[in-house]
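Before any comments, here is the structure.
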Amino acid sequence: MNRSIPTGGRYALLDELRGLCLISMMVYHAMWDLIFLFGLSADWFLGLPGYLWQQITSWIFILLSGFCVPLGHRTLRRGAEVFGAGLLVTLVTWALMPSDLVVFGVLTFLGSAMLLTGLLRPVLDKVPAPAGLAVCGVLFFLTRDINQGFFGFEGITLAAVPSGWYANFGTAFLGFPHLEFYSTDYFSLFPWLFLYWIGFFLHKAVGRDRMDPLRRSVCPPLGWAGRHSLLLYLLHQPVIYGLMMAGTFLL
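Our numbering applies: residue 352 is where the sequence shown begins, and numbers increase by one.
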């Protein structure tokens, strides 16, 4: 065994990757504020580069969250906390910034995914990792575009989803938003639960015995951000918006 690799404690690289994704989210949201709230012109952000930035960051964060589930011991409690934080974001934006309302945002999704995974853990643990990866991969591919009314993946349309599925607030939570639904941050249960479970089964496929290299730290400040990701996520938008508003008064 390589003695330079720690064999106890946290998996530091996972914390640091989570912290890196969190910072990427913060910078993306700062750019969104500058463009949509403060009138900055940035065509690249509205095109493919901005879309890829948002998608890559989100995919890695959700995949990583699923990968880390087996490392925790209070999945249901943590899920309830994150879901509650998502509800708080919804209430605050509804009361203070209704034009930027967040309904079923990323925190609501992650909390829901943790709760479902915690409840279904006895069943999920019985599924072989290769089978779980294959099934969830196929289901994610098939349902990636259901928010837009189609079965398919990133514009590869396979079939139209029945219009009756897009009925109300409850169907919007699942992934079938009705015509009046609006949210500036929308992560429905499907398709994203399948990506979350890909991370879960990837952890199972890798195995704890081969994860010691992930204990090595590369950038401790990123690890600190990763360990406090929920608090930092809740605070970052008010702080960014406040700093931008202060900047407009000073300029």
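Beta carbons are placed, not taken as given, at the ideal position from N, Cα and C, and that holds for glycine.
With DSSP as the reference, identify every bridge partner of residue i, one or two as the case may be.
i    : result
A511 : F501
Could you check where the alpha helix (DSSP H) with residue i kicks off and where it finishes?
i    : result
E531 : Where E531 is concerned, there is no enclosing alpha helix (DSSP H), given that its DSSP letter is neither H nor E.
S392 : Neither: S392 is in no alpha helix (DSSP H) and is coded neither H nor E.
M382 : 363-387
S539 : Note, S539: premise wrong, no alpha helix (DSSP H); not H, not E.
L429 : One point to set straight first is that residue 429 is Arg, not Leu, in the sequence displayed. 426-447 is the extent of the alpha helix (DSSP H) around R429.
W410 : 399-419
C487 : 480-494
M596 : 580-601
S450 : Note, S450: premise wrong, no alpha helix (DSSP H); not H, not E.
P473 : 457-475
A523 : 520-525
Measure the alpha-carbon distance for residue i versus residue j and round it to whole angstroms.
i    : j    : result
S416 : P542 : 15 Å
V489 : L546 : 10 Å
V512 : S450 : 29 Å
A510 : T599 : 48 Å
R567 : R561 : 13 Å
R354 : G558 : Residue placement at R354 cannot be trusted, given a pLDDT of 44 that sits under 50; the coordinates are not used to answer.
G469 : C419 : 12 Å
M352 : G370 : Reliability fails at M352, whose pLDDT of 39 lies under 50, so the model's placement of it is uncertain and no value is given.
F532 : G360 : 44 Å
L553 : A436 : 27 Å
L458 : I413 : 10 Å
L442 : I374 : 24 Å
P589 : V478 : 42 Å
V440 : A480 : 35 Å
F501 : I411 : 24 Å
A393 : I386 : 7 Å
L586 : C372 : 16 Å
G506 : F491 : 14 Å
I407 : M376 : 10 Å
G390 : W383 : 10 Å
A518 : L365 : 39 Å
I497 : C487 : 15 Å
L565 : H424 : 19 Å
D536 : D476 : 31 Å
A381 : I591 : 6 Å
L438 : W395 : 32 Å
Q499 : F434 : 25 Å
F455 : F504 : 21 Å
Whose C-alpha, out of the options, is nearest the C-alpha of residue i?
i    : options                : result
Q405 : A576, Y379, L583, R559 : Y379
M596 : F434, G401, G469, L388 : L388
A363 : R578, Q588, G593, I407 : R578
K555 : L484, D496, P528       : L484
P473 : P421, F501, W516, E367 : P421
W548 : A482, M382, A576       : A482
T426 : T494, Y592, D563, F551 : F551
L461 : L581, G593, I591       : L581
H529 : T508, G515, L397       : G515
V453 : L544, L601, A576, F538 : F538
T494 : L594, G593, L540       : L540
L544 : L601, L471, G593       : L471
L368 : W395, S409, L438       : S409
- Touch test, the region 567-584 against the region 516-531, Cβ-Cβ under 8 Å, three pairs minimum: Contact fails: fewer than three Cβ-Cβ distances are below 8 Å.
- Message: Could you check whether the region 455-473 touches the region 420-432, counting it as contact only if at least three pairs of C-beta atoms, one from each stretch, sit closer than 8 Å?
- Response: Yes, the region 455-473 is in contact with the region 420-432.
- Message: Closer than 8 Å is the cut-off here; do at least three beta carbon pairs connect the region 439-447 with the region 393-402?
- Response: Not touching, per the Cβ criterion.
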